[in-house]
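One point on numbering: in this note's numbering, the residue at position 150 of the sequence shown is 280, and numbering is uninterrupted. Where is the CB? At the ideal position from N, CA and C, for every residue including glycine. For clarity, every value in this text was computed on a predicted model and none was experimentally measured.
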Amino acid sequence: MKTTDAEFIERWLECPAGELPWEELFGLTKETLSRLTATAQKALDRIPPKLHAEPGDLATERGRWERLSAELCFLSEGDGEELRTMLTRMVFSRRPVSPLRLVRFLHDSGDKTALGAVGRLVLDRPDCPDRSAIQALVDTLSRAPEGWEKSLEEFAANPSVEAWDKLMQFCPIEAHYQRIKNALRALKARGVDPNLLFVLGTKDGLLPDAIGWAEDGLVDPETILEQEKKMLSNEMRGTLLCLAAHAYFHRGDKFNTVRCLKEAAALSDMTGYSVKAIADRSGPELREMMAKVGLLPSRTEGGRDLS
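This is the structure we're talking about:
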């Protein structure tokens, strides 16, 4: 049964914020989109903006019309700047809504970098709504061949560096980075050892996921230090030494935590974050050890920094 313009607009204005029928817009003709655009503009001319209300605030009638107008502008003219700003604010606001529309917009607008970053960010939320639909959109970045899921299952059953090289052998260069990121995350979800995943994530650079797993204490310090030896620059070696410090810290090894941070500081100027992150979670004993080797300011009994 065909839906009239009036019926569509009524549902758009009255349905709950998380149930906007935005997906139906993709199936409308140019003539229908044009009529809806004119109707939305007349409504916006009629309804004055509310003080302190964000554009596209679905709690207000004008906000609903603003969101509809932005959706229509993107579909008819390809101009998605207003819609992207609106969706981003809504997803990361105090009253977050489902991120699916933002992820779909990034996919449809061809912004692969933002699609990967935002998509994985929201997928990391334990209570991520529309998880399967969002995961499917992020997976398109991999340009995975037919049978890819089966290949991942086979790898998970018998993981190794050699099997990984074979798995990635014919990956197109332009999809290489995204396929690696998606594959490593999928393999972690399948229970593959984070130590091996860290090695794979640091073979040809240093993926953010690998950094996160190390900082969370999921990777053994010995694994990190073995990879550190293979790094070609002092900056990269310093970064991995910081990650090893995080790993030792999670295991309660104060001496090696301080040792790795000290060695990292001698190689790189980028150790400040790790020093602060560990110090903020440390007790007096570890902070004193860090201060003694110059990682933290030494303090007198009165609390003043020593010169």
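Leaving out five residues on either side along the sequence, give the residues of the same chain with a beta carbon under 7 Å from the beta carbon of residue i.
{"i": "glutamate 191", "result": "Leu143, Ile177"}
{"i": "valine 322", "result": "Ala286, Pro289"}
{"i": "arginine 194", "result": "Trp142, Leu143, Leu188"}
{"i": "glycine 424", "result": "none"}
{"i": "leucine 370", "result": "Ile354, Gln357, Glu358, Met361"}
{"i": "methionine 419", "result": "Lys384, Val388"}
{"i": "glutamate 212", "result": "Ala200, Cys203"}
{"i": "isoleucine 210", "result": "As written in the sequence, residue 210 is glycine, which differs from the isoleucine given in the question. Excluding sequence neighbours, glycine 210 sits near Phe204, Phe235, Ser239."}
{"i": "glutamate 365", "result": "Ser398, Met400"}
Which class does residue i belong to by DSSP, given the choice of helix, strand or coil?
{"i": "glutamine 308", "result": "helix"}
{"i": "leucine 425", "result": "coil"}
{"i": "glycine 321", "result": "coil"}
{"i": "threonine 167", "result": "helix"}
{"i": "leucine 181", "result": "coil"}
{"i": "lysine 406", "result": "helix"}
{"i": "alanine 274", "result": "coil"}
{"i": "aspartate 350", "result": "coil"}
{"i": "lysine 333", "result": "coil"}
{"i": "threonine 134", "result": "coil"}
{"i": "phenylalanine 300", "result": "coil"}
{"i": "leucine 327", "result": "helix"}
{"i": "threonine 159", "result": "coil"}
{"i": "lysine 242", "result": "helix"}
{"i": "aspartate 175", "result": "helix"}
{"i": "proline 226", "result": "coil"}
{"i": "proline 77", "result": "Because residue 77 is not part of the residues shown, which for the chain are 131 to 437, the question remains open."}
{"i": "methionine 419", "result": "helix"}
{"i": "cysteine 145", "result": "coil"}
{"i": "lysine 360", "result": "coil"}
{"i": "glycine 249", "result": "helix"}
{"i": "glutamate 431", "result": "Per-residue confidence for glutamate 431 stands at a pLDDT of 43, beneath the threshold of 50, marking its modelled position as unreliable; the derived number appears in the next sentence. Glutamate 431 falls in the coil class under three-state DSSP."}
What are the boundary residues of the alpha helix (DSSP H) that residue i is part of?
{"i": "tryptophan 278", "result": "278-287"}
{"i": "glutamine 265", "result": "261-269"}
{"i": "aspartate 254", "result": "First-last for aspartate 254: undefined, no H or E at that position."}
{"i": "glycine 368", "result": "364-380"}
{"i": "methionine 216", "result": "211-221"}
{"i": "glutamate 201", "result": "191-207"}
{"i": "glycine 123", "result": "Nothing in the structure corresponds to residue 123, since the chain is present only between 131 and 437."}
{"i": "aspartate 399", "result": "Here aspartate 399 belongs to no alpha helix (DSSP H), and DSSP marks it neither H nor E."}
{"i": "tryptophan 294", "result": "291-297"}
{"i": "valine 233", "result": "230-238"}
Please look up how many angstroms separate the CB atoms of residue i and residue j, rounded, as I've assumed it's under 8 Å.
{"i": "threonine 218", "j": "leucine 198", "result": "Going by Cβ atoms, the distance from threonine 218 to leucine 198 rounds to 18 Å, so no, they are not a contact pair."}
{"i": "glycine 148", "j": "serine 262", "result": "About 16 Å separates the two Cβ atoms, so there is no contact after all."}
{"i": "alanine 344", "j": "alanine 377", "result": "6 Å"}
{"i": "arginine 367", "j": "leucine 391", "result": "With 8 Å as the limit, arginine 367 and leucine 391 do not qualify as a contact, their Cβ atoms being about 13 Å apart."}
{"i": "lysine 318", "j": "leucine 330", "result": "Going by Cβ atoms, the distance from lysine 318 to leucine 330 rounds to 11 Å, so no, they are not a contact pair."}
{"i": "histidine 380", "j": "glycine 347", "result": "3 Å"}
{"i": "alanine 375", "j": "isoleucine 408", "result": "6 Å"}
{"i": "serine 332", "j": "cysteine 372", "result": "It should be noted that the sequence gives threonine, not serine, for residue 332. Going by Cβ atoms, the distance from threonine 332 to cysteine 372 rounds to 13 Å, so no, they are not a contact pair."}
{"i": "proline 302", "j": "arginine 273", "result": "6 Å"}
{"i": "aspartate 334", "j": "leucine 314", "result": "No, aspartate 334 and leucine 314 are not in contact; Cβ-Cβ is about 12 Å, not under 8 Å."}
{"i": "threonine 159", "j": "aspartate 135", "result": "Actually they are not in contact, since the Cβ atoms of threonine 159 and aspartate 135 sit about 11 Å apart, beyond 8 Å."}
Could you pull out every residue in the same chain whose Cβ sits closer than 8 Å to the Cβ of residue i, ignoring the five residues on either side in sequence?
{"i": "aspartate 246", "result": "Going by the sequence as given, residue 246 is glycine instead of aspartate. Cβ neighbours of glycine 246 beyond the five flanking positions: Val268, Leu271, Gln308, Lys311."}
{"i": "aspartate 350", "result": "Asn325, Ala377"}
{"i": "glycine 157", "result": "none"}
{"i": "leucine 163", "result": "Leu155, Leu202, Leu205, Ser206"}
{"i": "glutamine 171", "result": "Ser199"}
{"i": "phenylalanine 138", "result": "Pro151, Glu154, Leu166"}
{"i": "leucine 426", "result": "Val405, Ala409, Arg417, Met420"}
{"i": "glutamate 140", "result": "none"}
{"i": "arginine 411", "result": "Phe379"}
{"i": "methionine 298", "result": "His306, Arg309, Ile310, Ala313"}
In chain order, what residues of the same chain lie with their CB nearer than 6 Å to the CB of residue i, ignoring the 5 residues before and after it?
{"i": "proline 146", "result": "none"}
{"i": "glycine 186", "result": "Gly193, Glu196, Arg197, Met216"}
{"i": "valine 252", "result": "Pro229, Cys258"}
{"i": "alanine 316", "result": "Leu282"}
{"i": "histidine 237", "result": "Leu245, Leu267"}
{"i": "alanine 183", "result": "Thr190"}
{"i": "tryptophan 294", "result": "Leu330"}
{"i": "leucine 174", "result": "Trp195"}
With respect to 6 Å, is the separation between the Cβ of residue i and the closest non-hydrogen atom of the ligand NAD below this value?
{"i": "glutamine 299", "result": "Only the bare structure without any ligand can be found here, which leaves the ligand NAD out of the picture."}
Original post:
Would you call the region 276-283 and the region 260-268 touching, i.e. three or more CB-CB distances under 8 Å?
Top reply: The way I'd put it, the region 276-283 doesn't touch the region 260-268; fewer than three beta-carbon pairs between them come closer than 8 Å.
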